[in-house]
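Asker:
2 protein chains.
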Amino acid sequence: MTEKNKRGLLVVVSGFSGAGKGTLIRELLRQYPNYRLSVSATTRAPRAGEEDGKDYFFVSRERFEEMIAGHKLIEYASYVGNYYGTPRDYVEEMLTAGNDVILEIEIQGALKVKDIFPEAVFVFVAPPDAETLEQRLTGRGTESREQVLARLKRAAEESRWMPDYDYLLVNDDLSETVARLRALLESQHLSMRRHRAFAEEIRAALNRFYLKEEK
Amino acid sequence: MTEKNKRGLLVVVSGFSGAGKGTLIRELLRQYPNYRLSVSATTRAPRAGEEDGKDYFFVSRERFEEMIAGHKLIEYASYVGNYYGTPRDYVEEMLTAGNDVILEIEIQGALKVKDIFPEAVFVFVAPPDAETLEQRLTGRGTESREQVLARLKRAAEESRWMPDYDYLLVNDDLSETVARLRALLESQHLSMRRHRAFAEEIRAALNRFYLKEEK
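Residue numbers (UniProt numbering), protein chains in the order written: chain W, 1 to 215; chain V, 1 to 215.
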C-alpha cells in the first residue's frame with residue numbers, strides 16, 4: 001500500500017528488567033532491518049568495542065548539559081554519575097526520512113515522550129507471569145537474592161504504569177513475540193490518523209468525477 | 001499468548017460500494033475460519049439457496065418491529081421496502097464465547113455501533129484511488145453510467161466519515177489486503193485495554209514476591 005503519510009512511526013518499548021525486551025528488539029532488527037533503533041547520548045566513557053554513533057553518542061558532560069538546556073533531548077536520566085538521554089534531532093531526522101524508529105527506554109522516560117510525540121505507539125513487554133520473571137532474574141546467576149528482590153520490587157512499582165501503554169506484548173516465546181511485534185508495527189501504519197490526506201484526496205477526486213458529468 | 005480477556009473482538013468493516021470489502025471478508029473467513037461474520041436479520045423473502053441463520057435470519061415484519069421496539073438490534077435500515085438489521089443477542093453471544101465477530105455494515109449504521117460497542121474496532125476499506133473505483137464499478141457492466149455516477153457520488157458523501165474509523169485498508173491487492181487485515185485484527189488482541197486484568201494480576205504477584213522475603 002502506498003502510504004500518503006511518509007513520516008515514520010515512533011515506537012516506544014519499555015518493560016520490566018528481565019522481560020527480554022533487549023533480545024526481542026535485537027531479533028526484530030535482525031529480521032527486519034528497515035526499523036531504526038534510536039541511539040542514546042551518554043557521558044560515560046566508551047567500553048571496548050563500542051562505536052560512537054552506533055552504540056551511543058559519546059559526549060562530554062558539558063555538551064550533554066548544553067543539550068538539556070537547549071531542549072535537544074526527548075528524555076534523559078542520570079545513572080551512577082553519568083547522563084543518558086535520547087537526542088531529539090536524531091529521532092526527528094529519521095522519522096522525517098520515513099523510517100520507523102524504536103526507542104527502548106525506561107518507563108519514567110517513556111511517559112515524557114508522550115508529551116513531545118503524542119502520536120508515538122507505546123508497547124509494554126512483560127513476562128508471562130511474575131514467577132517467570134523471578135526465575136529469569138535468578139537464572140542469570142549474576143545477582144544476589146537481594147538484588148533479584150530489588151528488581152522484582154521495582155517491577156511491581158513499574159507495573160502501575162502499564163495501563164498508560166497502548167499495547168501489551170507478553171514475551172512467552174521469542175520468535176512468536178517478534179512476529180507479533182512486527183504485525184503490530186505494520187498495523188500501526190494503517191491507522192486512520194496517518195491517512196487523513198488520503199481521505200481528503202479521494203473525496204476530492206470522487207467529487208470531480210460526478211460533478212464533471214452531472215447535469 | 002494466553003489472553004486473560006477472553007471476550008472476542010468486535011470488528012466493524014465498512015467501505016465504498018466497489019471497494020471489494022465483501023470479497024475481502026469472504027477470503028479472510030476462508031483462510032481464518034476462527035472469525036465469525038455477524039448474520040443480519042431481514043424481512044425480505046429468502047432467495048434460492050439462502051439458508052436461515054447462515055445467510056440471514058429471515059423474520060416477519062411484525063417480528064422485526066418487535067426487535068426494534070425491544071432494542072434487540074444494534075442498527076437497522078430499510079431498503080426497497082424491507083428491513084435489514086444486526087441482531088444484538090447473536091453478536092453478544094459470540095463475543096462472550098470469545099469469538100472475534102465481523103460486522104460488514106454501511107457507514108451510517110457503523111457509527112451507531114460505536115455508541116453500543118465503544119471498544120469495537122472500525123476498519124474502512126477503500127480502493128487505491130477514485131479512478132480505480134470508477135473502473136471497477138464500470139467494469140461490472142451491470143450498471144448504466146447514471147448508476148455508476150450515483151455510486152461515485154454516494155462514495156464522495158461517505159468519504160466524509162472516513163476519519164471516524166480507526167484504520168484504513170487500501171484494497172490494492174486481495175491477498176496482501178487479507179494479510180494486512182489479519183495482522184491488524186491479531187494486533188488488536190494486544191491492546192492494553194484488553195489486558196487490564198493481566199496488569200493487575202502481575203502487579204499483585206510481584207508484590208507478593210518481595211513482601212514475602214523482605215525484612
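Note that beta-carbon positions come from the ideal geometry of N, C-alpha and C, so glycine has one too.
Along chain W, in chain order, which residues have C-beta atoms closer than 9 Å to that of Ser187 of chain V?
Answerer: As a first step, residue 187 of chain V is located in the second sequence; it is residue number 187 there, counting from the start. Chain W residues near Ser187 of chain V: Tyr167, Arg180, Ala183, Leu184, Leu185, Glu186, Ser187, Gln188.
Asker: Can you tell me the Cβ-Cβ gap for Ile107 of chain V and Trp161 of chain V, rounded? I've got them flagged as a contact below 8 Å.
Answerer: Reading the second sequence from its first residue, position 107 is the one you call residue 107 of chain V. Reading the second sequence from its first residue, position 161 is the one you call residue 161 of chain V. Yes, they are in contact, since the Cβ atoms of Ile107 of chain V and Trp161 of chain V sit about 5 Å apart, within 8 Å.
Asker: Name the chain V residues whose beta carbon is nearer than 7 Å to that of Asn207 of chain W?
Answerer: By 1-based counting over the first sequence, the position of residue 207 of chain W is 207. Within chain V, the residues near Asn207 of chain W are Ala156.
Asker: Look up Thr2 of chain W in the DSSP assignment and say whether it is helix, strand or coil.
Answerer: Here residue 2 of chain W is taken as the residue at index 2 of the first sequence, counted from 1. Caution is warranted here: a pLDDT of 47 is assigned to Thr2 of chain W, below 50, making its placement in the model unreliable, and the coordinate value is therefore given only provisionally. If DSSP states are grouped into helix, strand and coil, Thr2 of chain W belongs with coil.
Asker: Excluding sequence positions up to five away, which residues of its chain have a Cβ less than 7 Å from the Cβ of Tyr35 of chain V?
Answerer: Sequence index remark: in the second sequence, residue 35 of chain V carries index 35 (1-based). Closer than 7 Å at the Cβ level, and outside the excluded window around Tyr35 of chain V, lie Leu28, Leu29, Asp100, Ile102.
Asker: Is His195 of chain V buried or exposed, if buried means 16 or more other CB atoms sit within 10 Å of its CB?
Answerer: Walking along the second sequence from the start, residue 195 of chain V turns up at place 195. Looking at its Cβ environment, which holds 16 or more other Cβ atoms inside 10 Å, His195 of chain V is buried.
Asker: By alpha-carbon positions, which one of V:Thr132, V:Ile74, V:Ala183 ends up nearest to Glu92 of chain V?
Answerer: To locate residue 92 of chain V, count along the second sequence from 1; it is residue 92. The candidate whose alpha carbon is nearest that of Glu92 of chain V is V:Ile74.
Asker: Where does Tyr165 of chain W land, buried or exposed, given buried means 16+ other C-beta within 10 angstroms?
Answerer: Taking the first residue of the first sequence as position 1, residue 165 of chain W is located at position 165. Looking at its Cβ environment, which holds 16 or more other Cβ atoms inside 10 Å, Tyr165 of chain W is buried.
Asker: Using the Cα positions of Asn171 of chain V and Val125 of chain V, report the straight-line distance between them to the nearest angstrom.
Answerer: Position 171 of the second sequence, counted from the first residue, corresponds to residue 171 of chain V. Position 125 of the second sequence, counted from the first residue, corresponds to residue 125 of chain V. So the two alpha carbons sit approximately 7 Å from each other.
Asker: Residues of chain W with CB closer than 7 Å to the CB of Asp115 of chain V, please, in chain order.
Answerer: Locating residue 115 of chain V in the second sequence gives position 115, counting from the first residue. Simply none; closest approach about 19 Å.
Asker: Between Ile105 of chain W and chain V, is there a C-beta pair that is closer than 8 Å?
Answerer: For this step, residue 105 of chain W is matched to residue 105 along the first sequence. Answer no: the Cβ-Cβ gap between Ile105 of chain W and chain V never drops below 8 Å.
Asker: Can you tell me whether Tyr83 of chain W is buried or exposed? The criterion is at least 16 other CB atoms within 10 Å of its CB, across all chains shown.
Answerer: For the purposes of this step, residue 83 of chain W is taken as the residue at position 83 of the first sequence. Label assigned to Tyr83 of chain W: buried.
Asker: Whose C-beta lies closer than 8 Å to the C-beta of Ala45 of chain V among residues of the same chain, with five residues either side of it excluded?
Answerer: Within the second sequence, the letter at position 45 stands for residue 45 of chain V. Only Phe58 meet the Cβ criterion.
Asker: Please tell me whether Tyr32 of chain V has its Cβ less than 8 Å away from any Cβ of chain W.
Answerer: Numbered from 1 along the second sequence, position 32 holds the residue referred to as residue 32 of chain V. No, no contact with chain W.
Asker: Out of W:Val123, W:Val148, W:Leu211, which has the shortest C-alpha to C-alpha gap to Ser187 of chain V?
Answerer: In the second sequence, the residue the question calls residue 187 of chain V occupies position 187. It is W:Val123.
Asker: From the DSSP output, in three-state form, read off residue 230 of chain W for me.
Answerer: Residue 230 of chain W lies beyond the residue range present for chain W, which begins at 1 and ends at 215; the question has no answer from this structure.
Asker: Let me make sure I understand the geometry here. Which of V:Arg88, V:Met94, V:Ile202, V:Leu169 has the alpha-carbon closest to that of Leu184 of chain V?
Answerer: Taking the second sequence and counting its residues from 1, the one referred to as residue 184 of chain V is at position 184. It is V:Leu169 whose Cα lies nearest to the Cα of Leu184 of chain V.
Asker: Looking at the C-beta of Tyr129 of chain V, does it have a partner C-beta in chain W at a distance below 8 Å?
Answerer: Within the second sequence, residue 129 of chain V is the residue found at index 129, counting from 1. The identity of residue 129 of chain V in the sequence shown is Asp, whereas the question assumes Tyr. It does; some Cβ of chain W falls within 8 Å.
Asker: To which residues of the same chain is Ala110 of chain W closer than 6 Å at the C-beta, ignoring the five residues directly before and after it?
Answerer: Taking the first residue of the first sequence as 1, we reach residue 110 of chain W at position 110. Contacts found: Val12, Ser14.
Asker: From Arg7 of chain W to Phe64 of chain V, what does the alpha carbon distance come to, in whole angstroms?
Answerer: Residue 7 of chain W sits at position 7 when you count from the first residue of the first sequence. Residue 64 of chain V sits at position 64 when you count from the first residue of the second sequence. Spanning the two alpha carbons is a distance of roughly 49 Å.
Asker: Could you name the residues of chain W that Tyr36 of chain V contacts, counting a contact when the two beta carbons are closer than 8 Å?
Answerer: Walking along the second sequence from the start, residue 36 of chain V turns up at place 36. Here the sequence assigns Arg to residue 36 of chain V, which means Tyr is not the residue at that position. Those do not exist, as Arg36 of chain V stays about 21 Å from chain W at its closest Cβ, beyond 8 Å.
Asker: How would you label Pro48 of chain W, buried or exposed, when you count the other beta carbons within 10 angstroms and need 16 or more for buried?
Answerer: On the first sequence, residue 48 of chain W is found 48 positions in, with the first residue counted as 1. Checking the sequence shown, residue 48 of chain W turns out to be Ala, not Pro. Ala48 of chain W is exposed by the Cβ-count criterion.
Asker: So which residues on chain A does Glu119 of chain W lean against when the C-beta distance must stay under 8 Å?
Answerer: You won't find chain A in this structure, because its protein chains are W and V.
Asker: Within the continuous beta strand (DSSP E) that includes Ala199 of chain V, where are the two ends?
Answerer: As a position in the second sequence, residue 199 of chain V is number 199, starting the count at 1. It is not in any beta strand (DSSP E) - Ala199 of chain V instead sits in the alpha helix (DSSP H) that spans 196-213.
Asker: Ser17 of chain W and Arg193 of chain W - do their beta-carbons sit closer together than 8 Å?
Answerer: Residue mapping note: residue 193 of chain W aligns to position 193 of the first sequence, counting from 1. Residue mapping note: residue 17 of chain W aligns to position 17 of the first sequence, counting from 1. No; because the gap between Cβ atoms is not below 8 Å, this pair is not in contact.
Asker: The beta strand (DSSP E) with Glu104 of chain W in it runs from where to where?
Answerer: Along the first sequence, read from residue 1 onward, the residue named residue 104 of chain W stands at position 104. Glu104 of chain W -> beta strand (DSSP E) spans 101-104.
Asker: In chain W, which residues lie less than 7 Å from Ser60 of chain V when you measure between Cβ atoms?
Answerer: For the purposes of this step, residue 60 of chain V is identified with residue 60 of the second sequence, where counting begins at 1. By Cβ distance, chain W contributes nothing, its closest Cβ being about 39 Å from Ser60 of chain V, past 7 Å.
Asker: Residues in the segment 12-28 of chain V with C-beta within 9 Å of chain W's C-beta atoms, listed in sequence order?
Answerer: The segment 12-28 of chain V vs chain W, Cβ under 9 Å: Phe16.
Asker: Roughly how far, in whole angstroms, is the beta-carbon of Gly85 of chain V from the beta-carbon of Ala120 of chain V, given that I think they are within contact range, below 8 Å?
Answerer: Sequence index remark: in the second sequence, residue 85 of chain V carries index 85 (1-based). Sequence index remark: in the second sequence, residue 120 of chain V carries index 120 (1-based). Gly85 of chain V to Ala120 of chain V, Cβ: 17 Å. No contact.
Asker: Can you pull the DSSP bridge partners for Pro128 of chain V?
Answerer: Numbered from 1 along the second sequence, position 128 holds the residue referred to as residue 128 of chain V. Its beta-bridge partners do not exist; DSSP assigns none.
Asker: Work out the CA separation of Thr43 of chain W and Val80 of chain W for me, nearest whole Å.
Answerer: As a position in the first sequence, residue 80 of chain W is number 80, starting the count at 1. As a position in the first sequence, residue 43 of chain W is number 43, starting the count at 1. Spanning the two alpha carbons is a distance of roughly 11 Å.
Asker: State yes or no: is the beta carbon of Lys6 of chain V nearer than 8 Å to at least one beta carbon in chain W?
Answerer: As a position in the second sequence, residue 6 of chain V is number 6, starting the count at 1. Not an interface residue.
Asker: Taking Ala130 of chain W and Phe209 of chain V to be in contact with their CB atoms under 8 Å, please state how far apart those CB atoms are, rounded to whole angstroms.
Answerer: By one-based count along the first sequence, residue 130 of chain W stands at place 130. By one-based count along the second sequence, residue 209 of chain V stands at place 209. Correct: roughly 6 Å between the Cβ atoms.
Asker: Are there 16 or more other CB atoms within 10 angstroms of the CB of Lys21 of chain W, so buried, or fewer, so exposed?
Answerer: Working through the first sequence from its first residue, we reach residue 21 of chain W at position 21. Buried, because 16 or more other Cβ atoms sit within 10 Å of the Cβ of Lys21 of chain W.
Asker: Count the other C-beta atoms from every protein chain shown that fall within 10 angstroms of the C-beta of Ser175 of chain V, then say buried if there are 16 or more, exposed otherwise.
Answerer: Stepping through the second sequence from its first residue, residue 175 of chain V is reached at position 175. That one is exposed.
Asker: Using the rule of at least 16 other Cβ atoms within 10 Å of the residue's Cβ for burial, across every protein chain shown, is Thr177 of chain V buried or exposed?
Answerer: Here residue 177 of chain V corresponds to residue number 177 of the second sequence, with the count starting at 1. Classification of Thr177 of chain V: buried, given that the 10 Å Cβ count is 16 or more.
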